[in-house]
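Protein chains in written order, with this note's numbering: chain A, 799 to 1126; chain B, -11 to 639.
1. So residue 909/A contacts chain B; which residues on that side make the cut at Cβ distance below 7 Å?
2. Run through chain A and tell me which residues come within less than 7 Å of residue 607/B, C-beta to C-beta.
3. Is there contact between the stretch 593 to 610 of chain B and the stretch 410 to 419 of chain B, where contact requires at least three CB pairs shorter than 8 Å?
4. Check whether the Cβ atoms of residue 564/B and residue 622/B lie closer than 7 Å to each other.
5. Could you tell me which residues DSSP pairs with residue 241/B in its beta bridges?
6. Does the beta carbon of residue 1091/A come closer than 7 Å to any beta carbon on chain B?
7. May I ask you to list, following chain order, the residues of the stretch 821 to 838 of chain A that have a beta carbon less than 7 Å from some beta carbon of chain B?
8. Find the residues of chain B that neighbour residue 1037/A, judging by a C-beta separation of less than 8 Å, and give them in chain order.
9. If you draw a straight line from the alpha carbon of residue 62/B to that of residue 631/B, how long is it in whole angstroms?
10. For residue 519/B, which option in 86/B, 215/B, 555/B, 560/B has the closest C-alpha, if you only look at C-alpha atoms?
11. Near residue 147/B, which residues of its chain fall below 8 Å by C-beta distance, leaving aside the five closest residues on each side in sequence?
12. Return the Cβ separation of residue 1066/A and residue 995/A in integer angstroms, given the expectation that the two are a contact with Cβ distance under 8 Å.
13. Pick helix, strand or coil for residue 342/B, following the three-state DSSP scheme.
14. Name the chain A residues whose beta carbon is nearer than 9 Å to that of residue 462/B?
15. CB-CB under 7 Å to residue 341/B, same chain, minus the five flanking residues each way: which ones, in chain order?
16. To be precise: take each residue of the stretch 477 to 502 of chain B, compare its Cβ to all Cβ atoms of chain A, and keep it if any distance is under 8 Å. Which residues remain?
17. Consider the Cβ of residue 913/A: report whether some Cβ of chain B lies at a distance smaller than 7 Å.
18. Kindly give me the distance between the Cβ atoms of residue 1015/A and residue 1060/A, rounded to whole angstroms, as I take these residues to be in contact under 8 Å.
19. So, residue 243/B versus residue 195/B, is the Cβ gap smaller than 7 Å?
20. Measuring alpha carbon to alpha carbon, tell me which residue in 601/B, 318/B, 225/B is nearest residue 388/B.
21. Is residue 568/B close to chain A? Criterion is C-beta to C-beta, closer than 7 Å.
22. Who does residue 224/B pair with in a DSSP beta bridge?
23. Of the residues 880/A, 1091/A, 957/A, which one's Cα is nearest the Cα of residue 991/A?
24. For residue 383/B, which residues does DSSP report across the bridge?
25. Quick one: list the residues of chain B neighbouring residue 1083/A, beta-carbon separation under 9 Å, in chain order.
26. Keeping to the same chain, check which residues put their C-beta closer than 6 Å to that of residue 150/B; ignore five residues upstream and five downstream.
27. According to the Cβ coordinates, are residue 450/B and residue 532/B closer than 7 Å?
28. Going along chain A in order, which residues have a C-beta closer than 7 Å to the C-beta of residue 519/B?
29. According to a CB-to-CB cut-off of less than 9 Å, which residues of the stretch 607 to 624 of chain B neighbour chain A?
30. Am I right that residue 941/A and residue 1005/A are in contact with their C-beta atoms under 8 Å? What's the rounded C-beta distance?
31. Starting from the beta carbon of residue 470/B, find every residue of chain A whose beta carbon is closer than 7 Å, and list them in chain order.
32. Give the straight-line distance between the Cα atoms of residue 993/A and residue 422/B, rounded to the nearest whole angstrom.
33. Assess contact between the stretch 204 to 217 of chain B and the stretch 179 to 192 of chain B, defined as three or more Cβ pairs (one per stretch) separated by less than 8 Å. Is contact present?
34. Report the residue ranges of all beta strand (DSSP E) runs contained in full by the stretch 528 to 598 of chain B; include only those spanning at least 3 residues, in chain order.
35. Any beta-carbon of chain B closer than 7 Å to the one on residue 1047/A?
36. State the beta-bridge partners of residue 280/B as determined by DSSP.
Here is the structure:
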């Protein structure tokens, strides 16, 4: 087990290095002058002053060195000081700029994951048990349909229906009272109301694949020989489904749950932007439109690392929960 | 991030899991018993719709049924697959055949037609008008109003305004005061109407963002009935209105920009007639000479031909478009000058003697004494498609793009021009219907190119990784890991920056598809590899190997056919997800750029709240096409997966 883990982690090192080189290259190729982004606007200084400041910043950022040296300097700073650079659109260090959106995205995703598991588990189980029925086919078609809806259309439709045609909920944003930490009943209500539509949009969109996954896992489990054995022993259908089949179906499902736990940190660019939700996905979009190289590189590196860890964790969990599998 | 890659990620996990079958188990027995019938063409159709109960020897059937046939049979008996197939076929035909039938000019725009709601009733006048004597028909951009001898108004067409406080009221609901009055003259601007009744009272309604419907207080008292100056003629343009009083003065109000530039010209007295474009005005004086004025940019318009300046021609009627003027003199001579746009400055051959001239928005109409109609100018909205069988034409009423031919008695005998936009128009006044066809062509093509590229790469990487294993496998799979980590948006922005300057908007379309393909092969490659790891341990590979067949040959000829099922399913599902990704990218403004159309970039304007709120057709309709296309492809993919799953065909 320990040997397997070590091997997996060792393999990850070149992967992360390659990703960092790639992201550094992308950052270098990004349009925009990183020095300019760091300086006050040209109008604030006299031309010769500006040139002096520009040269100083140019050297400070190490742009006078070779590209390879720049890369090692960037990566070294990242590892040693956890220095992600300076965000030009937020006007502060990237580490600071990420904090608040990350917190918001995490909160959003906790609700999304909670709700979609709450819906997908019982619904998926029922679909598998009633496999082939109208109920099963109907939900399958519906899930294919939601799966075919672009995220922005889902978001816009929800806004159009629940915020414009029937003005029940706010179309987006988040009130400041929550950010200031003033928790009263009213601010809680406002907070919940602002969260409803984005959570609903993201839940609906994740539901389709989750349903399919739960259903397939459950069908697999139900077609095993031990289910036939359990039935022939005369066990009740409830016991067969919930005790024998579900426990085994939970093996593949649990790996998915672990992966979603990690994907809590990944923001949904389009949905967050549409609902003007100050999350990490919207931050990425703002960074891309604002040509904020440091922020883009940091965010994408962050997403990449999380992705890798999630896959690794899922593999490990799979080995832990399934006694039949031995990790080698 | 995550919602862009949603499709690809799911199709990976979905296709790899097995046991996803549902419906076919029960009827495959019945369907496979009609092999004899299927040998003939008619029999094939018979088998499609009628279930034959003949029983065939099981052994005979087994010998006849190839895997391909089984899959096809499974598919044909899956109603959802047929639905998806038909839906997709319909969309493909709509886009590819439709765009051949309706040629598009990508750079065309008509700002006055911006954001018109879906309708085809611009020319559908009420039947009751057949019994009335119409003295005048005026049209705005999407509506027309007829005035009959009794002074009643009849309105048809579509509301061009959205209700906004302090900007507009609805055109289609005629105010009560106007309904009760006996109207004697009426004029329509693009989105507003002005009229006067027999007592000289002035009314206006519609869009009033520039106060163009309200008689300004400082001049209103000159014209106040009963003692005030009588109003001889009115004109209403996009953002301003004008009247000519019986004292020979023209008064003009509405948009300040327009009225200020004509102000010196309007000091002239002795005006007996005038005509107006959006940014210019032409005045006819009592002595039969002309005066013109216009905003900067309409200069040619102001250059009156020399033969009209010496007073040798006595002008009786004058009409104008935005950049051209047509004048008719008392001898039936026509004088035309202005911009060469739409060929409006060239007189066509006219056989008879002109008796009546009219100007549309980009067209001139001449009616001759033998009752024929000559129209020239732009044909973008069917302005030149005059009906053939028009007899006894006395007059043509035209405003903007609606043409109505009238007979002596004031009956409409024919109408042509802009019928309306079936799916509405966008912010530049372009027809959403035709743009949907072109946009669909691009969206469907982008998905296709992307899926071909990504599948090719996935096979190229997944096959050796799975077959050889070991170091090759490690290298390729870690490469896939690295590629999975590349974020989509930044790569597109960088590529746009590096090569975007040098390529046309068409080239950019290909750029997007290549990027989609290059960043989308990972999940399929992993899937192929995983499947190959299973396949290569099987006996037939061992058999091939023991026969001494080359490794490369085993991989391609023996193993690849066994994973091709997964590839086909994945191609279908990925195709749908690429279309969705293209739509999302273009929606965010990083995909296909204007003037090139794609379903995604038609939705870009949906980022504005006003568009979501008021102009639903501008975002709902293109989005529904994206959804319909993705849905039908996904249905097909899902059905394919079920049809190919060996577990679903168990008896």
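For glycine and all other residues, C-beta sits at the position ideal for the given N, C-alpha and C.
By the coordinates alone:
1. As a first step, residue 909/A is located in the first chain; it is residue number 111 there, counting from the start. Those within 7 Å of residue 909/A in chain B number zero; the least Cβ separation is about 15 Å.
2. Within the second chain, residue 607/B is the residue found at index 619, counting from 1. By Cβ distance, chain A contributes 954.
3. yes
4. For the purposes of this step, residue 564/B is taken as the residue at position 576 of the second chain. For the purposes of this step, residue 622/B is taken as the residue at position 634 of the second chain. Contact annotation: residue 564/B and residue 622/B have beta-carbon atoms nearer than 7 Å.
5. Taking the first residue of the second chain as 1, we reach residue 241/B at position 253. Partner(s): 229/B.
6. As a working mapping, residue 1091/A is identified with position 293 in the first chain. It does not: the Cβ of residue 1091/A has no partner Cβ on chain B nearer than 7 Å.
7. Correct list: 824, 827, 828, 829.
8. Stepping through the first chain from its first residue, residue 1037/A is reached at position 239. Within 8 Å Cβ-Cβ: nothing; residue 1037/A doesn't reach chain B, min ~22 Å.
9. Here residue 62/B is taken as the residue at index 74 of the second chain, counted from 1. Here residue 631/B is taken as the residue at index 643 of the second chain, counted from 1. For residue 62/B and residue 631/B, the distance between alpha carbons rounds to 5 Å.
10. By one-based count along the second chain, residue 519/B stands at place 531. The residue with the shortest Cα to Cα distance from residue 519/B is 555/B.
11. Walking along the second chain from the start, residue 147/B turns up at place 159. If we look at residue 147/B and ignore the five residues flanking it on each side, its Cβ neighbours are 105, 130, 131, 158, 159, 160.
12. Looking up residue 1066/A in the first chain gives position 268. Looking up residue 995/A in the first chain gives position 197. Contact flag wrong, Cβ pair sits at about 13 Å.
13. Your numbering for residue 342/B matches position 354 in the second chain. Here residue 342/B carries a strand assignment [DSSP, helix/strand/coil].
14. Locating residue 462/B in the second chain gives position 474, where the first residue counts as 1. Within 9 Å of the CB of residue 462/B, the CB atoms of chain A belong to 809, in sequence order along the chain.
15. Against the second chain, residue 341/B aligns to sequence position 353. So the list reads 320, 356, 357, once near-sequence residues are dropped.
16. 477, 478, 479, 481, 482, 485, 486
17. Counting from 1 along the first chain, the entry for residue 913/A is found at position 115. No, because no Cβ of chain B sits closer than 7 Å to the Cβ of residue 913/A.
18. In the first chain, residue 1015/A corresponds to position 217, counting from 1. In the first chain, residue 1060/A corresponds to position 262, counting from 1. Not confirmed; about 20 Å, so no contact.
19. In the second chain, the residue the question calls residue 243/B occupies position 255. In the second chain, the residue the question calls residue 195/B occupies position 207. Cβ atoms of residue 243/B and residue 195/B: not closer than 7 Å.
20. The sequence position of residue 388/B within the second chain is 400, counting from 1. Taking only the C-alpha atoms, the option nearest residue 388/B is 225/B.
21. Indexing the second chain from 1 puts residue 568/B at position 580. Chain A places a beta carbon closer than 7 Å to that of residue 568/B, counting this residue as a contact.
22. As a working mapping, residue 224/B is identified with position 236 in the second chain. BP columns for residue 224/B point to 229/B.
23. Here residue 991/A refers to the residue found at position 193 of the first chain. Measuring from the Cα of residue 991/A, the nearest candidate turns out to be 957/A.
24. Here the question's residue 383/B lines up with position 395 in the second chain. Looking at the DSSP assignment, residue 383/B forms a beta bridge with 394/B.
25. In the first chain, residue 1083/A corresponds to position 285, counting from 1. What residue 1083/A touches in chain B: 477, 576.
26. The sequence position of residue 150/B within the second chain is 162, counting from 1. If you ignore the 5 residues before and after residue 150/B, its C-beta comes within less than 6 Å of the C-beta of 602, all in its own chain and listed in chain order.
27. Here the question's residue 450/B lines up with position 462 in the second chain. Here the question's residue 532/B lines up with position 544 in the second chain. Result no, Cβ atoms of residue 450/B and residue 532/B do not sit closer than 7 Å.
28. For the purposes of this step, residue 519/B is identified with residue 531 of the second chain, where counting begins at 1. Chain A residues near residue 519/B: none, gap ~16 Å exceeds 7 Å.
29. 607, 608, 611, 612, 614, 615, 616, 617, 618, 619, 620, 621, 622, 623
30. For the purposes of this step, residue 941/A is identified with residue 143 of the first chain, where counting begins at 1. For the purposes of this step, residue 1005/A is identified with residue 207 of the first chain, where counting begins at 1. The Cβ separation is near 7 Å, so the contact holds.
31. In the second chain, the residue the question calls residue 470/B occupies position 482. What residue 470/B touches in chain A: 813, 816, 817, 820.
32. Walking along the first chain from the start, residue 993/A turns up at place 195. Walking along the second chain from the start, residue 422/B turns up at place 434. Cα to Cα, residue 993/A sits roughly 39 Å from residue 422/B.
33. At 8 Å Cβ cutoff, the stretches touch.
34. Taking only runs of at least 3 residues, no beta strand (DSSP E) segment lies wholly in the stretch 528 to 598 of chain B.
35. Translated into positions along the first chain, residue 1047/A becomes position 249. Not an interface residue.
36. Here residue 280/B corresponds to residue number 292 of the second chain, with the count starting at 1. Beta-bridge pairing links residue 280/B to 270/B.
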